[in-house]
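Report on the following structure.
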Amino acid sequence: MPENQNTLQAGTPVSSPNPEQRFMPSEIEPRWQARWDADASLYAAEGHDSGKPKYYCLEMLPYPSGQLHMGHVRNYAIGDALARHMWMRGFNVLHPMGWDAFGLPAENAALKNGVPPREWTLGNIVAMKKQMRRMGLSYDWSTEVTTCLPDYYRWNQWFFLKMFEKGLAFRKKSKVNWCPECQTVLANEQVVGGCCWRHEDTVVELRDLTQWFLRITKFADELLDGLDKLEGWPEKVRTMQRNWIGRSEGAHVDFAVDGSSEKITVFTTRVDTIFGATSVQLAPEHAVAKVFALEDDALRGQIEELLEQQKKARETDALGAIEKHGVATGQFAVNPFNGERVPIWVANYILADYGTGAIMSVPAHDERDYEFAQKYGLPLRRVIAPAVTGAEEPVLPYVGEDDAVVIGSGEWSGLGCAAAQEKMAAFAKAKGFGTPTVTYRLKDWGVSRQRYWGTPIPMLYCDQCSPDEPMPVAESELPILLPEQVDITQTNGSPLGRVAEFVNAKCPKCGGKARRETDTMDTFVDSSWYFYRYTDAKNSKAPFDSDKANYWFPIDQYIGGVEHAILHLIYSRFWTKVMRDLGMVKNDEPAERLFTQGMVIKDGAKMSKSKGNVVSPDDMIARYGADATRMYALFAAPPDRDLEWQEEGVAGISRFLGKVYRLTTKYSDVTGAAEAAPTPKGQALLRRLHQTIAKITQDFDGRWHFNTSISSIMILVNEITANEAAMDSGEITSATVREVFRGLILLLAPFAPFFAAEMWDQIGGEGVVFRTAWPLVDEELAREDEIEIPVQVNGKLVNVVKVPADSDEAAVKAAALADEKVMARIEGKTVVKVIVVPGKLVNLVVK
RNA sequence: GCCCGGAUGGUGAAAUCGGCAGACACAGCGGACUUAAAAUCCGCAGACCCUUAUCAGGUCGUGGGGGUUCAAGUCCCCCUCCGGGCACCA
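Residue numbers (our numbering): 1 to 847.
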């Protein structure tokens, strides 16, 4: 290579640049990885007395499937860049990782390959941890949490006992979602579009079962109201949770059944329309409907049919699409507001598990009731109208607007709808036939699972004292260990039920024979509080020490996929409130800020085995190195958007790193005697450096558009390349060269850690690059002294003029008018108006 | 049906506050280096038109249509398509 024949200028002695070297990530990365792996303190959080502000940076823990996928790579590349950046900004950073290690795939693998779930899971963890280390992720492994190990899940059991004590964990028989594929019950949150969240094509069935529930509804209002304060969460997630909680204000009103002692309580959000009620509609499973059915065989058959339709619709997620059917019971209800008798019907569009399972039907002012009434010829009665006098009669059904008023409703006529709702509910309450009430869509969290690989529920049933009433296991008995060597090949019932040594226990009360609960907990229990355990992962006396948690919490930044918006993220908020009420933590919410990254796409579709478009991170790392792979994941799109994986792009980043490598190694040793002030070219290069520092600092503080951060680094490097001759000749002093490369490497450190560590070493940087202070912007240096101002004539660009950066309006205007092209353009025309936006542009309006 | 996103060159994207549309890359094309190739470096590159060609010039252009403004990818109104969430929830 005919290189390094740099001519030295007098007075600017520069040592010879080194011969250029080739970038070999396959050599660099393992070398640094070995060093980092050997140093447990490198990424360890400091003590609470470090004097630094704390920063808890958390990425969602993975399920240990055995293979990292690109979604993980993206998630962790974002979190890792942030953690490293915050270290460099002087924070005491907690950056932990763990394993969401219970769950069905382990059982499936056991069935398929004959490997026990525990072995399979722990083996996968080893493999994935190795992949994470190859990625160069900055986790503090001393706080690692593995949810399937007894030292973790015993605290699930402990929490369960606490919740049982407080009445927050309870057992009830109810309709539950059953996935035939998983052979277990699912929580409402785990049913997506009528199908299982793990088996998108498997329709969930409804079964009547006695199951354990956690009383998340107790916190419904707090979970809802708290969303307003979570300003650091994406609006999308907050909206999804609001919808999911589904708070609805209204009233209960009792309708007496004519000629019977029965009464029907309806839930309505529009009690102001009660004078327009022309029937009462019951869900097929409503208790009163059952009473009527007892006396009438024909009716019973019809109701059963309605129930069947409803069940079918629900299971195929066609609820809302099915045709409304109903049957008149022949019975009548009495409207307590006007004493009117209205017929009682049973209809397939009334849900038993929402509200009271009964409604008053107001066909004139409700779309569904209207449709039903039209079909069955039930009467319509208008009881609200627009306030505007002389307005056209509204088309029915008319649900009213803000200004609608009540009509034909006795003493309430003339009131606005909102006022009428309030007053009529209060009236009902005063008279004892109703009350204002709030209904939620949110249901209690069903946590029982008829599966093996999960946390055993620490409850007992004594044949003598409580065959049906559960008794808690004593706290001192914990953990109730999950037995090994369990036959999970049979598919009916909980596998633990077939393990005699597990089931048989002693009753804590009478000392007689007792049975253990054989269901296990939903794995979402594990992930509801794991991030607290990170703060005190080895504690054997408690889930964690409160002081430790209170130091680190709330999480400053949580990063993960949006798919958990109403699963993990609502359960976690609930769990935090429970722990707060137990006095364990002070924070109301687990995470201050939440970031949901976009999906990784290939050929326009989400990567999946079935589509055959999966790109393996291992392949990418082997070919281009971890730095290039990670950096591409950040460069290809802003982190909140979907990212199309293009291997050529990774190659491009690898080329870029190669270029930086060549330049850095070439100039790593340049030295010069007593440096003078930077030369003009050096000044320009330093200006670019400081502009880049400003840009990237701003990106971390703001929008996280790391794609533009990286592009700004590329611009800097392109400018360095353009100045190579000047650096060789000494036209840019060695002091400037050193400053530029030092800055460049620090800026790259959050994005390409192996690379930055190697380059830092090469230039003789002191200490660990990730603990070196993030460079500060020198505003003076960053400022341009000459700027280009576009000049438009009638809004069209004509030319660009150069002016000093501090030019005032008059000077910019003068420069624009003096420009030849501009003059040519406006010749013979009248300048009507001149718009000068200092620092931005000039627009001449001419005629 | 309702609520959120999104649509910009051949591709990924940029334009953060209404001010040069396409930064930075990928793919492509041309050149240098080389016996040759790879690698590397330099250059070109929205579409169309005018021009023999150059130099230059012109028109159009951010999903579509209207509007506000000296100026619109950006603001307002209407519409189309794509992705996501919710949905007989009374």
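For every residue, glycine included, the Cβ atom is placed at its ideal position computed from N, Cα and C.
This one's a predicted model, so the numbers in the text were calculated from it and none came from an experiment.
Let's test the definition: count the other Cβ atoms within 10 Å of the Cβ of residue i and tell me whether it reaches 16, buried, or not, exposed.
i, result
"Arg853", "A question about residue 853 goes unanswered here, because the residues of the chain that appear run from 1 up to 847."
"Arg441", "exposed"
"Asn492", "exposed"
"Met823", "exposed"
"Arg314", "buried"
"Thr671", "exposed"
"Ile458", "The question names Ile, yet the displayed sequence has Pro at residue 458. Its Cβ being crowded by 16 or more others within 10 Å, Pro458 is buried."
"Val257", "buried"
"Ala404", "buried"
"Cys653", "This sequence places Ile at residue 653; Cys is not what is there. Looking at its Cβ environment, which holds 16 or more other Cβ atoms inside 10 Å, Ile653 is buried."
"Ser709", "buried"
"Glu285", "buried"
"Lys821", "exposed"
Can you tell me where the alpha helix (DSSP H) holding residue i begins and where it ends?
i, result
"Gln762", "Pro753 to Gln762"
"Val717", "Phe706 to Ala722"
"Glu780", "Glu779 to Ala782"
"Gly682", "Pro680 to Asp701"
"His72", "Met70 to Met88"
"Leu634", "Ala626 to Phe635"
"Arg31", "Pro25 to Asp37"
"Glu165", "Pro150 to Glu165"
"Tyr850", "As displayed, the chain neither begins before 1 nor continues past 847, which places residue 850 out of reach and without an answer."
"Gly432", "Premise fails: Gly432 is in no alpha helix (DSSP H) and is neither H nor E."
Rank the options by C-alpha distance to the C-alpha of residue i and give the top, closest one.
i, options, result
"Asp806", "Glu788, Ser616 and Asp819", "Glu788"
"Thr437", "Lys431, Gly446, Phe170 and Glu422", "Glu422"
"Asn723", "Ile566, Phe741 and Lys375", "Phe741"
"Ala186", "Lys548, Leu567 and Asn348", "As written in the sequence, residue 186 is Leu, which differs from the Ala given in the question. Out of Lys548, Leu567 and Asn348, Leu567 has the C-alpha closest to the C-alpha of Leu186."
"Trp244", "Lys833, Tyr571, Val800 and Tyr624", "Tyr571"
"Arg738", "Phe267, Val768 and Asp669", "Asp669"
"Val884", "Pro508, Glu484 and Glu501", "In the structure displayed, the chain extends from 1 to 847; residue 884 sits before or after that span and is not available."
"Gln302", "His286, Thr329, Lys312 and Ala287", "Thr329"
"Val93", "Gly79, Leu104, Thr439 and Ala106", "Gly79"
"Trp850", "Ala637, Glu589 and Trp345", "Here the chain comprises residues numbered 1 to 847, so residue 850 is not present and cannot be evaluated."
"Val406", "Gly414, Thr265 and Val650", "Gly414"
"Val803", "Leu797, Ala815 and Ala810", "Ala815"
"Pro379", "Pro397, Gln131, Tyr624 and Arg89", "Pro397"
"Thr489", "Tyr452, Lys431 and Phe502", "Tyr452"
"Leu306", "Val499, Ile322 and Lys796", "Ile322"
"Glu308", "Leu294, Gly326 and Glu295", "Gly326"
"Ser734", "Glu469, Tyr667 and Ala430", "Tyr667"
"Thr692", "Val203, Phe706 and Pro680", "Phe706"
"Leu582", "Met727, Arg134 and Leu168", "Leu168"
"Gly434", "Ala373, Val383, Gln464 and Asn335", "Asn335"
Quick check on the DSSP output: the beta strand (DSSP E) that includes residue i runs from which residue to which?
i, result
"Leu209", "Glu205 to Leu214"
"Arg516", "Lys513 to Arg516"
"Tyr461", "Met459 to Cys462"
"Pro750", "Taken as a continuous stretch (DSSP letters only), Pro750 belongs to no beta strand (DSSP E), as it is neither H nor E."
"Arg171", "Ala169 to Cys179"
"Glu235", "That residue, Glu235, is in no beta strand (DSSP E); its alpha helix (DSSP H) goes Glu235 to Ile245."
"His365", "Premise fails: His365 is in no beta strand (DSSP E) and is neither H nor E."
"Phe890", "With the chain covering 1 to 847 only, the question about residue 890 has no answer from this structure."
Rounded to the nearest angstrom, how far is the Cβ of residue i from that of residue j, given a contact under 8 angstroms?
i, j, result
"Leu282", "Ile350", "6 angstroms"
"Leu689", "Pro678", "The Cβ separation is near 11 angstroms, so there is no contact."
"Asp619", "Pro25", "Between Pro25 and Asp619 the Cβ distance is about 14 angstroms, and since that is not below 8 angstroms, they are no contact."
"Ala251", "Ala420", "Actually they do not touch by this definition, with Cβ atoms about 11 angstroms apart."
"Leu209", "Val237", "About 31 angstroms separates the two Cβ atoms, so there is no contact after all."
"Val578", "Asn550", "Contact doesn't hold; Cβ gap of about 16 angstroms is too wide."
"Ala333", "Ile344", "5 angstroms"
Mind checking whether the beta-carbon of residue i lies closer than 7 angstroms to any heavy atom of the ligand SAH?
i, result
"Glu235", "Of the ligands one can find in the structure shown there are none, so the ligand SAH has no counterpart to examine."
(message) Does the segment 441-461 come into contact with the segment 273-283, if we say contact requires no fewer than three beta-carbon pairs (one atom in each stretch) closer than 8 angstroms?
(response) When Cβ pairs closer than 8 angstroms are counted between the two stretches, the segment 441-461 is seen not to touch the segment 273-283, the count staying below three.
(message) Assess contact between the segment 138-156 and the segment 522-530, defined as three or more Cβ pairs (one per stretch) separated by less than 8 angstroms. Is contact present?
(response) Judged by Cβ distances under 8 angstroms, the segment 138-156 makes contact with the segment 522-530, as three or more pairs qualify.
(message) When you compare the segment 89-109 with the segment 641-660, are there three or more beta-carbon pairs, one atom per stretch, that lie closer than 8 angstroms?
(response) The segment 89-109, when compared against the segment 641-660, does not touch it at the 8 angstroms Cβ threshold.
(message) Below 8 angstroms, how does it come out for the segment 554-563 and the segment 494-502: are there three or more Cβ pairs, yes or no?
(response) Contact between the segment 554-563 and the segment 494-502 is absent, with fewer than three C-beta pairs closer than 8 angstroms.
(message) For the structure I just gave you, are there three or more beta carbon pairs, one from the segment 136-143 and one from the segment 30-40, closer than 8 angstroms?
(response) Yes, the segment 136-143 touches the segment 30-40.
(request) Determine, using beta-carbon pairs with one atom in the segment 598-615 and one in the segment 632-651, whether at least three such pairs fall under 8 angstroms. (result) The way I'd put it, the segment 598-615 does touch the segment 632-651; three or more beta-carbon pairs between them come closer than 8 angstroms.
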